[in-house]
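Chains as they are written, first to last, in UniProt numbering: chain R, 1 to 352; chain W, 1 to 352.
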């Protein structure tokens with residue numbers, strides 16, 4: 001048996017930047033030239049982490065853009081070339097020179113390298129509960145960023161109230177599925193938007209009152225109007241573009257539009273973006289648009305509230321959270337491209 | 001002397017609708033076929049009003065569009081053809097069959113017809129204070145809609161705080177000049193945008209820390225960045241379009257964008273609108289965009305607060321409110337077109 005092979009620390013390296021508007025996996029290379037770091041190589045404050053699972057999210061494509069193509073959404077965010085790419089991930093501590101972490105601790109990081117093992121500064125890790133009844137990868141999904149984003153959108157920014165009507169795009173996606181369920185649990189009428197018969201059926205099955213298939217519905221404005229003749233009070237947007245523009249035309253007075261992402265513009269060629277034409281409809285309706293981003297809320301009371309509610313729902317089996325689980329580190333690049341081609345179904349996670 | 005001539009009730013009638021994107025006065029005709037209504041013609045609840053002054057505001061062009069060109073900003077708002085056009089105005093009661101109004105009362109209406117005298121339902125009139133030290137036309141400007149809109153934008157929606165930086169477009173206009181002064185009075189750093197040397201000088205003279213001339217500044221994003229290297233906390237937008245898009249690129253985390261109007265899209269040909277491309281920059285900054293509209297706030301505590309503050313400032317001589325005063329009912333159509341060609345300077349009012 002070749003022990004050298006078993007000791008290989010496989011890495012997915014970003015070898016070149018991707019021009020705006022392109023979906024590709026060729027920017028990545030699989031590197032097997034390094035070995036798993038020795039515990040002896042750790043310096044004070046460092047821990048060695050066995051990477052267990054990676055979260056693959058649409059906003060990652062922003063980091064694939066070259067510095068000169070920097071996106072105004074997240075300026076100066078190009079990932080360094082020649083290094084392992086990184087995303088939110090969970091892992092297990094296998095060696096520690098930090099007083100804060102012991103071998104066996106379960107951790108989450110927002111910048112976990114795409115490799116088998118990673119030397120991490122303890123300051124970049126969050127210790128997760130030791131409760132082994134909760135699978136570690138749940139902290140990437142139903143107890144992680146997508147679910148927290150849904151909570152921020154429905155509760156904090158959306159101020160969703162019983163009896164109101166909520167519209168959500170990408171409703172079968174990582175965030176959307178939680179938006180549907182959190183809103184239904186709060187007594188709203190929920191209309192989901194998804195892009196296939198399979199996805200619309202799924203959105204219906206988790207409680208949406210009506211579902212629009214955007215690939216077959218024809219004119220978006222009319223489709224939304226037909227599904228919500230009384231108008232929209234909360235619109236949770238994950239796509240931007242023409243669906244967002246159509247939603248603007250269906251808002252009620254005082255409506256809240258929540259932006260959590262924009263698949264039509266993230267990493268796109270901005271010179272080719274069609275642009276939003278109906279923003280001025282906000283004026284007479286005194287409606288609002290609010291961007292939400294989970295990161296600044298980490299460690300706040302809002303996160304504590306979310307975490308308690310989500311953990312309770314999970315333990316009670318009251319949440320149906322669909323994960324699109326891929327296996328093997330080398331499946332990560334394709335998993336990043338798929339949502340831009342509508343080829344994912346639920347929250348994408350790569351298990352190593 | 002021809003007494004019939006003196007008794008003519010001149011009216012400015014909308015004779016045809018205007019296609020989107022066109023600036024014209026030919027849609028109006030001057031009608032002198034009617035006589036001033038007799039007090040005897042009033043029915044219960046009606047009053048006869050001598051129209052004293054009319055407010056000419058950019059949003060009026062929406063009412064010039066045909067029903068089939070209805071603008072999503074204010075759907076179903078086409079003004080009836082063959083009738084006198086209408087806008088916010090002030091007048092004096094000359095005859096009354098309403099218990100709420102007496103001859104000599106000063107009134108304001110949001111739909112006062114463009115004619116010398118008008119029979120009005122008392123329910124459509126607001127009685128103004130009898131304080132003769134305040135000129136009646138002030139209730140269209142410094143104590144009226146433009147000033148109230150500025151207050152809503154700076155105080156209610158903008159939540160402007162001392163030490164923050166506020167950017168305002170159309171800063172020499174009806175609303176903008178009050179935004180500058182209310183924000184400066186609250187201790188903000190204020191950057192105005194205007195379209196001529198004369199206007200930028202004016203904006204500077206009322207207290208703005210810096211002024212951008214959008215006709216000569218070159219790239220908007222860079223011009224705003226140069227004027228506000230620390231970023232924008234509140235942007236008060238009255239124009240939409242590429243200036244709004246550039247402002248989005250300069251927002252700080254938690255910034256508030258207030259939309260009070262959109263001269264680039266009101267009554268425009270929507271198929272030709274360029275569209276807003278940078279709305280997704282709100283996400284990571286968790287910034288908000290909020291439409292404001294004065295009408296729903298009439299009669300609320302917010303209006304009372306505004307009115308008290310504005311009246312006090314006016315009586316103390318602390319507000320410099322520039323009015324672009326036109327004379328004669330027949331000057332109203334041109335006054336409606338001028339702001340779309342940058343040809344007004346201050347709040348446009350027509351004195352009859």
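Each residue gets a CB set at the ideal place from its N, CA and C atoms; glycine is no exception.
Rounded Cβ spacing between residue i and residue j (contact assumed at less than 8 Å)
i              : j              : result
residue 211(R) : residue 171(R) : 7 Å
residue 47(W)  : residue 125(W) : 7 Å
residue 36(R)  : residue 9(R)   : 5 Å
residue 64(W)  : residue 18(W)  : 4 Å
residue 165(R) : residue 241(R) : Actually they are not in contact, since the Cβ atoms of residue 165(R) and residue 241(R) sit about 22 Å apart, beyond 8 Å.
residue 430(R) : residue 169(R) : In the structure as shown, chain R begins at 1 and stops at 352. Residue 430(R) is therefore absent and cannot be evaluated.
residue 175(R) : residue 260(R) : 6 Å
residue 268(W) : residue 21(W)  : 5 Å
residue 152(R) : residue 292(R) : 5 Å
residue 285(R) : residue 251(R) : 5 Å
residue 213(W) : residue 194(W) : 6 Å
residue 190(W) : residue 219(W) : Going by Cβ atoms, the distance from residue 190(W) to residue 219(W) rounds to 21 Å, so no, they are not a contact pair.
residue 262(W) : residue 239(W) : 7 Å
Proximity test, Cβ basis, 8 Å: residue i and chain R
i              : result
residue 280(W) : yes
residue 260(W) : yes
residue 300(W) : no
residue 65(W)  : no
residue 216(W) : no
residue 240(W) : yes
residue 265(W) : yes
residue 20(W)  : no
Cβ of residue i within 8 Å of any chain W Cβ
i              : result
residue 201(R) : no
residue 27(R)  : no
residue 303(R) : no
residue 249(R) : yes
residue 340(R) : no
Alpha-carbon to alpha-carbon, residue j and residue i
i              : j              : result
residue 299(W) : residue 127(W) : 12 Å
residue 199(W) : residue 246(W) : 21 Å
residue 402(R) : residue 31(R)  : Nothing about residue 402(R) can be reported from this structure: the residues present for chain R run from 1 to 352 only.
residue 314(W) : residue 308(W) : 10 Å
residue 2(R)   : residue 24(R)  : With a pLDDT of 44 at residue 2(R), under the threshold of 50, the modelled position of that residue is not reliable, and no figure is offered here.
residue 62(R)  : residue 332(R) : 16 Å
residue 104(R) : residue 311(R) : 22 Å
residue 69(W)  : residue 76(W)  : 10 Å
residue 280(W) : residue 276(R) : 10 Å
residue 304(W) : residue 107(W) : 17 Å
residue 337(W) : residue 67(R)  : 45 Å
residue 352(R) : residue 95(R)  : 19 Å
residue 157(W) : residue 192(W) : 19 Å
residue 26(W)  : residue 215(W) : 29 Å
residue 256(W) : residue 155(W) : 11 Å
residue 93(W)  : residue 51(W)  : 9 Å
residue 131(R) : residue 316(R) : 15 Å
residue 99(R)  : residue 306(R) : 28 Å
residue 202(R) : residue 160(W) : 44 Å
residue 341(R) : residue 55(W)  : 52 Å
residue 137(R) : residue 144(R) : 9 Å
residue 283(W) : residue 146(R) : 14 Å
residue 118(W) : residue 206(W) : 37 Å
Listed by chain order, chain C residues near residue i by CB distance under 9 Å
i              : result
residue 167(R) : The structure shown contains no chain C; its protein chains are R and W.
Proximal residues, the region 269–296 of chain W versus chain R, C-beta separation under 7 Å
270, 273, 274, 275, 276, 277, 278, 279, 280, 281, 282, 283, 284, 285, 286, 287, 288, 289, 290, 291, 292, 293, 296
Stretch pair the region 232–252 of chain W + the region 216–228 of chain R: three plus CB contacts closer than 8 Å
no
Using 8 Å as the Cβ pair cut-off and three pairs as the minimum, do the region 110–125 of chain W and the region 314–326 of chain W touch?
no
Between the region 70–101 of chain W and chain R, which residues of the former have a C-beta closer than 8 Å to a C-beta of the latter?
72, 73, 74
Please list the residues of the region 149–179 of chain W that have a C-beta atom closer than 7 Å to any C-beta atom in chain R, keeping them in chain order.
none
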